[in-house]
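The sequence shown begins at -10 in this note's numbering and counts up by one. Cβ coordinates follow ideal geometry from the N, Cα and C atoms, glycine included.
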Amino acid sequence: MSERIYNQQDELAKIIERYSGRDGVHATAIPSLFFTRRSNVTGSNFAVYNPSFCIVVQGVKDVLLGQERFRYGPTNYLVASVDLPVTGQVMEASSQVPYLSLKLEFTPGQILEILSDSEIRVDPKENAKRGMFVSRMELSLLDAVIRLARLLDNPKDIPVLAPLFTKEILYKVLQGQHGATLEQML
-10 MSERIYNQQD ELAKIIERYS GRDGVHATAI PSLFFTRRSN VTGSNFAVYN
40 PSFCIVVQGV KDVLLGQERF RYGPTNYLVA SVDLPVTGQV MEASSQVPYL
90 SLKLEFTPGQ ILEILSDSEI RVDPKENAKR GMFVSRMELS LLDAVIRLAR
140 LLDNPKDIPV LAPLFTKEIL YKVLQGQHGA TLEQML
């Protein structure tokens, strides 16, 4: 992991800590943005993942979709493109280095708007039928996520800038190797 990505993740971890404080899932002033903090490894928990973009900043998480396991940590991200029944488990966490994650929920309308406004042509991929993927974190994507999270320190900017930064994040994911998985939700 490059030093710049490490520094960005460190900044994001501090923001998540500041706005979560204790273990649990925490809504933020940005309606589609949630932070999670866990001080311990967890057992398996059933959930339905809404369409969302997820980053683990500290720790590691396993998500089981059917029989397929998705493991992700600080060097990658997970996207669920449709509502999916999953089992999740925090695999690495401690009181000294808690599991910290960010979830950004999105809608099919947001994906359609980006595809309509851009020249992105998503190539169908064999794995596009899964509805979920893990991909490698890129610096430009992490930059957009940091800008979105920083808005929490400037609430007056949220109504104007949060939709723009969210659109940028989704645009970058659509440009990635798994863009077809997002496109399939339309």
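Could you tell me whether the Cβ atoms of residue i and residue j are closer together than 9 Å?
i, j, result
"leucine 91", "leucine 1", "yes"
"lysine 161", "alanine 138", "no"
"valine 37", "alanine 82", "no"
Hey, how far is the Cα of residue i from the Cα of residue j?
i, j, result
"asparagine 116", "threonine 170", "Bear in mind that the predicted position of asparagine 116 carries a pLDDT of just 49, short of 50, making it too unreliable to give a figure here."
"valine 75", "phenylalanine 42", "15 Å"
"phenylalanine 95", "proline 40", "6 Å"
"tyrosine -1", "valine 46", "Before going on, a small fix: residue -1 reads as aspartate here, not tyrosine. Using only the alpha carbons, I get a separation of about 8 Å."
"leucine 141", "leucine 153", "15 Å"
"phenylalanine 35", "methionine 121", "16 Å"
"threonine 25", "lysine 145", "24 Å"
"methionine 174", "lysine 3", "33 Å"
"asparagine -4", "aspartate 72", "33 Å"
"serine 84", "glycine 32", "16 Å"
"proline 97", "alanine 69", "12 Å"
"proline 87", "isoleucine 135", "19 Å"
"serine 124", "valine 49", "14 Å"
"serine -9", "glutamate 157", "22 Å"
"proline 20", "glutamine 99", "15 Å"
"alanine 18", "leucine 131", "20 Å"
In terms of residue numbering, what span does the alpha helix (DSSP H) encompassing residue i cover?
i, result
"glycine 168", "168 to 172"
"aspartate 184", "Coverage of the chain is limited to positions -10 through 175, which leaves residue 184 absent and any answer about it impossible."
"alanine 151", "147 to 164"
"isoleucine 135", "128 to 139"
Can you tell me where the beta strand (DSSP E) with residue i in it begins and where it stops?
i, result
"serine 124", "121 to 125"
"valine 46", "41 to 47"
"valine 30", "No beta strand (DSSP E) holds valine 30; DSSP gives it neither H nor E."
"alanine 18", "It is not in any beta strand (DSSP E) - alanine 18 carries neither H nor E in the DSSP assignment."
"asparagine 34", "34 to 38"
* beta strand (DSSP E) runs wholly inside the stretch 62 to 96, at least 3 long, in chain order -> 65 to 69, 73 to 81 and 88 to 94
* Asked: Can we say the stretch 8 to 25 touches the stretch 57 to 69, given the rule of at least three CB pairs closer than 8 Å?
  -> no
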